[in-house]
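Top line first, the protein sequences correspond to chains S and R.
Numbering follows the numbering used here, with no gaps: position 239 of the first sequence is 395.
Numbering follows the numbering used here, with no gaps: position 24 of the second sequence is 36.
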Amino acid sequence: MTLQGRIERWLEAKVIDRETADRILRFEDEQPSASWVLYGISGLGVVVMLTGLISIIAANWDDISSTTKLVGYFFSLTVLGWLVVRRSGIPGVVRECLITAFGLYVLAGIGLVGQIYNLESDGYSAIFFWLTIILPIALLAENRLLSNLWFLGLALALSIWTFDFRGIDGFIDRTFISLGIPYFILGVGYGLGHLFPEKFARAGRLWSYAAILLFFAAIGNIAWATGNLHAHRIDLGSWPLVSWTGVACALLGVALRKIQPSKILTYAVCTTVASSALLILPPLIGEIGKHEIFGCALFIVAWSGAAAVAAAIHRRRLFDFSAMVIGIRFIVVYFEVFGSLAATGIGLILSGGVILGIAYMWHRYRGTVARAIQERV
Amino acid sequence: MKRVLIAVTLPILVLLGWAASLEFNQAIGAEVRLRVQGYDPRDLLAGHYIRYALKLDNACADHRSETCVCLEPEEGGVYHHSTWAGSCSERASSCKIFLRGSCAGWQFTAGVERFSIPEALAPVLQTVPGDSSVVLSITPAGSAQVVRFYVGEETVEQYAARKLAERRSE
């Protein structure tokens, strides 16, 4: 709901008077802001232009010598950098477009140098290189685009690295390291979030939480699909400790946070992290085969996280969709586990009763719980 | 302002340093010519390129992950061939030019197995032509960069341009 809409509702409920409403509106009008539509469109324009530039570079202009290409690139990069510095003190769309363009132009340069010197590419090294050298400029951006692109690049590079494995042992090692990193970023995003620019820390929390939910949704589906295979144990070594360290970092970061982005979201994150941590206990994931319940639990944890986020940001349709997916999955797993219709029916009735009980308790005691949380926070 | 200046200068200097180091390695490296065979995918970040494998006999006979290959000119002096392959720590001091790489199974790779080609010439370079070779610049430390790609005695650009012209005239 827009601010105007909220103010009208408050006026109707006599929460505020007309004079207060006018003061609020005057105050908000005086705040410097740019339309998010303008930022979005400008960001799209920058990304499209830079993508076109990268494509032109990729076409390998053979008519221009390599020396000319390099000199032209570094000259134009320096000019763009100079414009960024000149405009850095004036907040607004132009500043953000220049910063985003600079960050993406650096990526184009990495591709150009790789092409000119015929460098072998494993896919993730170039991305990690780019992420490292543009991190300072990404921290200075006040738009969401570059922050989100940075974390998207990190997710992409980690995914490519994880699957660039040799043998099943290499895959397990890399998977646990890649799984630990989103937890670690979540911990830093909460515990040290006050030390980073707000947009960058928020993007980090968002991407890492999404990565955890996606990972467990995928693993849950895989476990469900392989549920009837003959069980065999995989030697996981000590690699789960990497993930567990990340989980501990995440819980510690949330507990010691000096920021409070959203109470509901924060508690949803805690619940997801804690329950996902229990589900990655080595004895459970070490045995592949008896996975209907395990797969269902992971799947429900992931979609519950999505439902919690939807509730926190007041997206009712997304919440309803997530609840529907959970409901369907719930019913399916009962049929798989119990087999017969009678046993499934009894199980579902009992579970439905528990769910209704939880809903009643939530309705009855939600205010009390919210006040208790408020006092504690 | 100072923070922005540092944030902007860092990537520029790092990229400049990186390009300069690659140019320096190429300048000081010994040039050798090796025969190749291969295939051709596409990379959005680097355009069209030819992928190939170096033809080095017995480079991975021991299946070591880290391998060095000694190179000496063949009779006739145009191409180089492998005279020894093994662990880099066991390389003889008489081996003046050597290529540092790794073995994945029987395949030796040294990070030089691709060469960028112009998009316009890609249609006639769907596969690596026979009698292909590459010129590598190899530093004293054994790391290499690809300098030129030959098909017979023509550079790949000359070969592809000739093939394109023949195709258009048909």
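All residues carry an ideal CB built from backbone N, CA and C; glycine is no exception.
- Across the set S:Leu314, S:Thr207 and S:Pro247, the C-alpha of S:Thr207 shows the shortest separation from the C-alpha of valine 262 of chain S.
- Taking 9 Å as the threshold, the shortest C-beta distance from tyrosine 339 of chain S to chain R does not fall below it.
- Arg15, Val16, Leu17, Ile18, Ala19, Val20, Thr21, Leu22, Pro23, Ile24, Val26, Leu27, Leu28, Trp30, Ala31 and Leu34: these are the residues of the stretch 15–34 of chain R whose beta carbon lies less than 8 Å from some beta carbon of chain S, given in chain order.
- Within the stretch 123–154 of chain R, the runs of beta strand (DSSP E) at least 3 residues long that lie entirely inside it are, in chain order, 126–128 and 144–150.
- The count of Cβ pairs closer than 8 Å, one atom from the stretch 299–315 of chain S and one from the stretch 278–290 of chain S, reaches three, so the stretches are in contact.
- Around the C-beta of isoleucine 40 of chain R, fewer than 16 other C-beta atoms lie within 10 Å, and the residue is accordingly described as exposed.
- By the criterion of at least three beta-carbon pairs nearer than 8 Å, the stretch 109–122 of chain R is not in contact with the stretch 253–268 of chain S.
- At a cut-off of 9 Å, the C-beta of threonine 121 of chain R has a neighbouring C-beta in chain S.
- For phenylalanine 372 of chain S, the three-state secondary structure derived from DSSP is helix.
- Contact annotation, serine 364 of chain S with glycine 345 of chain S: C-beta distance approximately 7 Å; criterion of less than 8 Å satisfied.
- In this structure, phenylalanine 110 of chain R sits away from cysteine 72 of chain R, with a CB-CB distance that is not shorter than 9 Å.
- Threonine 234 of chain S and glycine 336 of chain S do not touch by the CB rule: their CB atoms are close to 39 Å apart, not below 8 Å.
- The criterion of a C-beta distance shorter than 9 Å is satisfied by valine 136 of chain R and arginine 179 of chain R.
- Judged by DSSP secondary structure, glycine 29 of chain R falls within the alpha helix (DSSP H) whose first and last residues are 14–40.
- Within the same chain, and ignoring the five residues on either side of valine 481 of chain S in sequence, the residues whose Cβ sits closer than 8 Å to its Cβ are Trp459.
- Annotated three-state conformation of arginine 485 of chain S is helix, per DSSP.
- Exclusion of the five residues before and after serine 478 of chain S leaves Trp459, Ala462, Ala463 and Ala466 as the residues of its chain whose Cβ lies within less than 7 Å of its Cβ.
- Under the 9 Å criterion on CB atoms, serine 114 of chain R is classed as non-interfacial with respect to chain S.
- In this structure valine 90 of chain R does not touch leucine 66 of chain R by the C-beta definition: roughly 16 Å separates them, more than the 8 Å allowed.
- With contacts defined by Cβ atoms closer than 9 Å, isoleucine 255 of chain S and leucine 296 of chain S form a contacting pair.
- Between arginine 179 of chain S and leucine 159 of chain S, the alpha-carbon positions lie close to 13 Å from each other.
- Contact of isoleucine 246 of chain S with chain R is not assigned, every C-beta pair being separated by 9 Å or more.
- Cβ contact annotation for asparagine 37 of chain R (same chain, cutoff 8 Å, sequence separation greater than five): Ser149, Thr151, Ser155 and Gln157, in chain order.
- Judged by their CB atoms, isoleucine 333 of chain S and valine 425 of chain S are not nearer to each other than the 9 Å cut-off.
- The closest CA to that of glycine 349 of chain S, considering only S:Leu412, S:Leu301 and S:Trp317, is found on S:Leu412.
- With 16 or more other CB atoms across the displayed protein chains lying within 10 angstroms of its CB, glycine 259 of chain S is buried.
- In the DSSP assignment, the residues bridged to cysteine 115 of chain R are R:Phe120.
- Taking all protein chains shown into account, valine 146 of chain R has 16 or more neighbouring C-beta atoms within 10 Å of its C-beta and is therefore buried.
- Among the residues of chain S, none has a CB under 8 Å from the CB of serine 181 of chain R; the nearest is roughly 21 Å distant.
- Judged by DSSP in its simplified three-state form, isoleucine 220 of chain S adopts coil rather than helix or strand.
- The bridge partners DSSP lists for tryptophan 96 of chain R are R:Cys82.
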